[in-house]
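Participant: Residue numbering for the sequence shown follows this note's numbering, starting at 2 and increasing by one per position. No residue lacks a Cβ here, since even glycine has one placed at the ideal position from N, Cα and C.
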Amino acid sequence: MKISNSFILGSVAVLVAAGGAKAADLPVKAKAIEYVKVCSLYGPGFYYIPGTDTCIKLGGYLRVDVLANSNVDNTGNTSGAAGARNRFTNGYTWRSREDLNIDTRTATEYGVVRTFFDATFNWTSDSYAGQGNGATVYSPIGTVQAPNNANTGAVAAGTVGVYYAFIQFAGFTIGKAVSQFSAPWTAYPGNNFDGLVGGGGTITGVNQFTYTAEFGNGVSLSLSAQDQTAYYQAGVVNLGAPVNFGVPGNTNVFGIGDYAGTIAPDFVAMLRVDQAWGLFQASFAAHDNHAAYYGGTELTGHPDDKWGWAGQLALSIKNIPTGPGDTINLQGVYTDGATRYNIQDLAGSAGQNTIFGSTGVPGAYQSIGFGIAPDTVFVTGGQQQTIKTWGFRGAYVHNWNPNWNTSIYGAYAGVRYTDTAKGYICGPAGNGVGGSLSNFFGAGSALTACNPDYNIAQLGTQTQWTPVKNLTFSADFTYTHLDQKMAGTIAFPGSPAIGKPGAIYELKDQNTVLLLLRAQRNW
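(1) Which residue spans inside the stretch 436-508 form an unbroken beta strand (DSSP E) run of at least 3?
(2) State the DSSP-derived secondary structure class of glutamate 110, mapped to helix, strand or coil.
(3) When you compare only the Cα positions, how much space is there between threonine 121 and proline 429?
(4) For the stretch 268-339, list the beta strand (DSSP E) runs that are entirely contained and at least 3 residues long, ordered along the chain.
(5) Give the straight-line distance between the Cα atoms of arginine 273 and glycine 435, rounded to the nearest whole angstrom.
(6) Between which residues of its own chain and glycine 256 is the CB-CB distance below 6 angstroms, once the five residues before and five after are set aside?
(7) Could you check if threonine 490 belongs to the surroundings of the ligand PLP, using beta carbon to heavy atom distance under 7 angstroms?
(8) Rounded to the nearest angstrom, what separates aspartate 477 and leucine 515 at their Cα positions?
(9) Ignore the nearest five residues each way along the sequence and tell me which others in leucine 460's own chain have a CB closer than 7 angstroms to its CB.
(10) One question on the structure: do aspartate 376 and glycine 338 come within less than 8 angstroms of each other, judged by their Cβ atoms?
(11) With distances taken from CA atoms, which of Asn290, Asn134 and Ile356 is nearest aspartate 510?
(12) Work out the CA separation of glutamine 521 and glutamate 507 for me, nearest whole Å.
(13) Is there contact here, the stretch 446-462 with the stretch 276-285, by at least three beta-carbon pairs under 8 angstroms?
(14) Please say whether valine 65 and tyrosine 48 have beta carbons closer to each other than 8 angstroms?
(15) Apart from the five residues on each side of it in sequence, which residues of its chain come closer than 7 angstroms, Cβ to Cβ, to arginine 86?
(16) Can you tell me whether tyrosine 43 is helix, strand or coil according to DSSP?
(17) Have a look at glycine 326 and proline 190 and give me their C-alpha separation to the nearest angstrom.
(18) Could you tell me which residues DSSP pairs with cysteine 56 in its beta bridges?
(19) In this structure, how does DSSP classify arginine 522 when only helix, strand and coil are distinguished?
(20) Alpha carbons only, please: which of Leu197, Ser97 and Asn70 is nearest the one belonging to asparagine 91?
(21) With DSSP collapsed to three states, give me the class of isoleucine 426.
(22) When DSSP labels each residue in this structure, what does threonine 160 get in the three-state scheme?
(23) By the three-class DSSP mapping on this structure, what secondary structure does alanine 85 have?
(24) Given this structure, state the Cα-to-Cα distance separating alanine 422 from phenylalanine 117, to the nearest angstrom.
(25) Helix, strand or coil: how does DSSP classify aspartate 420 here?
(26) Can you tell me which of the three DSSP states tyrosine 165 falls into?
(27) Taking the alpha-carbon of alanine 351 as reference, which of Thr340, Ala311 and Thr360 has the nearest alpha-carbon?
(28) Just the Cα atoms here: how many angstroms apart are alanine 151 and glycine 159?
(29) Please go through the same chain and pick out, in chain order, the residues whose beta-carbon is closer than 8 angstroms to the beta-carbon of alanine 444, but skip the five residues on each side of it.
(30) Compute the Euclidean distance between the alpha carbons of asparagine 456 and alanine 414, then round it to the nearest angstrom.
(31) Between the C-alpha atoms of aspartate 127 and lysine 470, what's the straight-line distance to the nearest angstrom?
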């Protein structure tokens, strides 16, 4: 019986095993493979996201900059350690950057839905700041290091930046994008230098809600509300507040910034005509200046809001007779209480210029030039006085051949204060006594002219070599001249952060130069 049972069980086991083997041999229907397909609807580089009707394109660049005679990356050496021209001024600043952008597009019954994202990853050298006691501290960008760590050595740092993040749908642009006020070349009519005055900027984008209407034949109109903070606030300066020059974030010799909460966005209108010969654009912006209190609490009162405005015209002429692809880009701007639409956010120290130089005046330690351009100024009990500016920028780009091109570019801006504002700053006699400058200039000052107006001029040239597609090497040289209207000598209180002592300084125009060497690979 036991033998019989064993035989039966063994036979069943064999049959089961054999059945399993046959089942394993049966063909199984393979799962369909979804291959990535090219999307030709929106130009080269787009692919369908598998399983969707959305097209995606990845892009970006890797860039390496080396700048001579500057503590900042390519915005101009017109303030801080870069403008000090002493042992705190860097002989070079080095930056390596990777840019990544993601572009998606989906066709719908309402038109194309587009999203665009652009971010940068940077590694930038920084500079040392003095502590006023014979010690220094390294101040890496994106890192906070306490002064008592001054002897721990330099610490490099990286940063991440979000340039663009917006949605486009049915004529609307919602999110962070270049301001509609700016020309298509933003602050780059023919240059890599970031700090040109004379027009709109925001190359890194500004939050906005925009509607663009297309009328055909290249004519379009955009109406926009955009965030004014960070990029379009040049300063509402309280002339009654004491100045403490050298404190981080304060380089204003007249007073202290006194912004209240943000109440209204900037409103922008832009009309553009795109044609085969080039482009014409007219832009307008309205800007609300909303100040806080005269003193420390709401009991001290406050000035009323003051609306400013800006207007700009831009012209691009293509395919001029000097050569294939040669271009001339021009623009001019006027502002009243909206300074950042002229002296844009990357323009040097963006209207807070403090440059040191040599002097030939007996008894003076060195010379100094100031160029301060806020939106408004006010005194206790008074109303905001708007600052008026005008400017232009332009460039001519010539292509020697498909691999080489050279540009010549320039810019100019003028800053003008009202007579009332000049009285607030320079005092009743116009010599700085009794005005807000009394809070800054010490005993021993001898002004022969007190006038906060100034002009700034820039001239440069750039040459680019593209040995292979999407790889470009550039050399960009920029000269800047600060034409300030102050004259005489002042008792400057000094700035330990940049090693400048309290002494007598001559008020004088200043000049500075900057050289950028760049390698960039687009992909």
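Facilitator: Taking the structure as given:
(1) 447-450, 455-469, 472-485, 488-493 and 504-508
(2) Locating residue 110 in the sequence shown gives position 109, where the first residue counts as 1. If DSSP states are grouped into helix, strand and coil, glutamate 110 belongs with coil.
(3) One-based indexing of the sequence shown puts residue 121 at position 120. One-based indexing of the sequence shown puts residue 429 at position 428. Cα to Cα, threonine 121 sits roughly 50 angstroms from proline 429.
(4) Entirely contained in the stretch 268-339, the beta strand (DSSP E) runs reaching 3 residues are, in chain order, 279-290, 307-319 and 328-337.
(5) Within the sequence shown, residue 273 is the residue found at index 272, counting from 1. Within the sequence shown, residue 435 is the residue found at index 434, counting from 1. If I take the Cα positions, the gap works out to 49 angstroms.
(6) Here residue 256 refers to the residue found at position 255 when the sequence shown is read from its first residue. If we look at glycine 256 and ignore the five residues flanking it on each side, its Cβ neighbours are Val238, Asn239, Leu240, Ala242 and Ser437.
(7) This structure lacks the ligand PLP, and indeed carries no ligand of any kind.
(8) The residue labelled residue 477 in the question sits at position 476 within the sequence shown. The residue labelled residue 515 in the question sits at position 514 within the sequence shown. Taking the straight line from one Cα to the other gives about 8 angstroms.
(9) The count along the sequence shown starts at 1 and reaches residue 460 at position 459. Around leucine 460: Gly411 and Tyr480.
(10) One-based indexing of the sequence shown puts residue 376 at position 375. One-based indexing of the sequence shown puts residue 338 at position 337. A contact, by the Cβ cut-off of 8 angstroms.
(11) By 1-based counting over the sequence shown, the position of residue 510 is 509. Nearest option by C-alpha distance: Ile356.
(12) Counted from its first residue, the sequence shown places residue 507 at position 506. Counted from its first residue, the sequence shown places residue 521 at position 520. Their backbone Cα atoms lie some 42 angstroms apart in a straight line.
(13) no
(14) In the sequence shown, counting from the first residue as 1, residue 48 sits at position 47. In the sequence shown, counting from the first residue as 1, residue 65 sits at position 64. In this structure, tyrosine 48 lies away from valine 65, with their beta-carbon atoms at least 8 angstroms apart.
(15) As a first step, residue 86 is located in the sequence shown; it is residue number 85 there, counting from the start. These residues qualify, in order along the chain: Phe357 and Gly358.
(16) On the sequence shown, residue 43 is found 42 positions in, with the first residue counted as 1. Here tyrosine 43 sits in coil by DSSP.
(17) Position 325 of the sequence shown, counted from the first residue, corresponds to residue 326. Position 189 of the sequence shown, counted from the first residue, corresponds to residue 190. Looking at the two C-alpha atoms, the distance is approximately 14 angstroms.
(18) Residue 56 sits at position 55 when you count from the first residue of the sequence shown. Paired residues: Tyr49 and Arg106.
(19) Here residue 522 refers to the residue found at position 521 when the sequence shown is read from its first residue. Strand.
(20) Translated into the one-based positions of the sequence shown, residue 91 becomes position 90. Among Leu197, Ser97 and Asn70, the Cα nearest to that of asparagine 91 is on Asn70.
(21) The residue you call residue 426 lines up with position 425 of the sequence shown. Looking at isoleucine 426 - three-state DSSP - the assignment turns out to be helix.
(22) Translated into the one-based positions of the sequence shown, residue 160 becomes position 159. Correct three-state label for threonine 160: strand.
(23) The residue you call residue 85 lines up with position 84 of the sequence shown. Three-state DSSP puts alanine 85 in a helix.
(24) Reading the sequence shown from its first residue, position 421 is the one you call residue 422. Reading the sequence shown from its first residue, position 116 is the one you call residue 117. Approximately 44 angstroms between the Cα atoms of the pair.
(25) Stepping through the sequence shown from its first residue, residue 420 is reached at position 419. When DSSP states are grouped into helix, strand and coil, aspartate 420 belongs to the helix group.
(26) Within the sequence shown, residue 165 is the residue found at index 164, counting from 1. Tyrosine 165 falls in the strand class under three-state DSSP.
(27) Counting from one through the sequence shown, the residue named residue 351 turns up at place 350. For the options Thr340, Ala311 and Thr360, the alpha carbon positioned closest to that of alanine 351 is the one of Thr340.
(28) Taking the first residue of the sequence shown as 1, we reach residue 151 at position 150. Taking the first residue of the sequence shown as 1, we reach residue 159 at position 158. Confidence at alanine 151 is low in this model, with a pLDDT of 38, below 50, so the placement of that residue should be treated as unreliable; the coordinate-derived value is given next. C-alpha separation (whole angstroms): 20 angstroms.
(29) For the purposes of this step, residue 444 is identified with residue 443 of the sequence shown, where counting begins at 1. Closer than 8 angstroms at Cβ, skipping near neighbours: Ala492.
(30) For the purposes of this step, residue 456 is taken as the residue at position 455 of the sequence shown. For the purposes of this step, residue 414 is taken as the residue at position 413 of the sequence shown. In a straight line, the C-alpha of asparagine 456 is about 6 angstroms away from that of alanine 414.
(31) Residue numbering aside, residue 127 sits at position 126 when the sequence shown is read from its first letter. Residue numbering aside, residue 470 sits at position 469 when the sequence shown is read from its first letter. Cα to Cα, aspartate 127 sits roughly 32 angstroms from lysine 470.
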